[in-house]
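Take the sequence shown: its letters are residues -18 to -1, 1 to 138, numbered as in mature numbering (1 follows the signal peptide of the UniProt record, and there is no 0).
Backbone N, C-alpha and C define an ideal beta-carbon position, used for all residues, glycine too.
Treat the numbers as computed from the prediction; the structure is a model and nothing was measured.
Input: a single structure, listed below in structure tokens.
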Amino acid sequence: MQFTTLSLLSTLTALASASHPGTGNIWSGDNVSAGCTNGQCSYSFTFSGHSTKDLPEFEAHCSGHTGIFDAVLRPCTLVPGKGHTSSAVVEASAYLALTPPSKEDPDGKAQAVLRLDFNDANPFVDQWQGTKDGSYTEFAQAGYSFKVITGPNTGA
């Protein structure tokens, strides 16, 4: 009985590991500048990732002028010389949706979505995405940085 239980647990652990991409697929969002005034919001930040077995290295600068909690992906500018000189990286895009603090929500809301489109060995463009939810006050801190765990975007 113990052998069967142990064997079953080992199998489930192996399946769980196989269903998740490499654990090193973490992107960084750095030097965030974000805020809202009179119903208009703006943001600027850099996001980057190191080369892994799943993803190419890249760095991109993202910025936007938006309305309150605008969740539209916008193209980012790839930073020259940051690993994407191969034709692997097709596009980086992102949004930072902001809802300022209110009586009902004293910290406000923020959501950053980062996406990378790239070619690997297959003829199709792969799309990976990561999301970071937080508060407006968190993201509005000068020079704020964050991490996201990325994975294939199956909703594309």
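Three-state secondary structure (DSSP) of residue i
| i | result |
| --- | --- |
| Thr119 | helix |
| Ala(-1) | For Ala(-1), the predicted model reports a pLDDT of 37, less than 50, meaning its position is unreliable and no value from the coordinates is stated. |
| Pro57 | strand |
| Ala124 | coil |
| Gly90 | coil |
| Ser75 | strand |
| Lys129 | strand |
| Asp108 | strand |
| Gly6 | coil |
| Pro134 | strand |
| Leu37 | coil |
| Asp102 | coil |
Enclosing beta strand (DSSP E) for residue i [first to last residue]
| i | result |
| --- | --- |
| Thr28 | Gln22 to Gly31 |
| Glu41 | Phe40 to Gly49 |
DSSP beta-bridge partners of residue i
| i | result |
| --- | --- |
| Asp12 | Thr28 |
| Lys114 | Ala94 |
| Thr19 | Gln22 |
Candidates the options: closest to residue i by CA position
| i | options | result |
| --- | --- | --- |
| Gly31 | Gly49, Lys129 and Ser84 | Lys129 |
| Phe106 | Ala122, Leu80 and Ala70 | Ala70 |
| Asn135 | Ala124, His43, Leu37 and Pro62 | Leu37 |
| Lys91 | Lys114, Pro62, Gly6 and Asp102 | Lys114 |
| Cys44 | Ser75, Lys35, Pro62 and Gln111 | Ser75 |
| Ile8 | Val61, Lys35 and Gly63 | Lys35 |
| Glu39 | Leu98, Pro88 and Gly112 | Leu98 |
| Val72 | Gly49, Ala94, Gln109 and Pro88 | Gln109 |
| Ile131 | Asp102, Ala122, Leu96 and Pro62 | Leu96 |
Inset, instruction - Spell out a yes or no on whether the segment 112 to 124 and the segment 48 to 65 are touching, meaning 3 or more CB-CB pairs, one atom from each, closer than 8 Å. - result: no
Legend entry - Cβ contact (3+ pairs, closer than 8 Å) linking the segment 15 to 34 and the segment 76 to 88: yes
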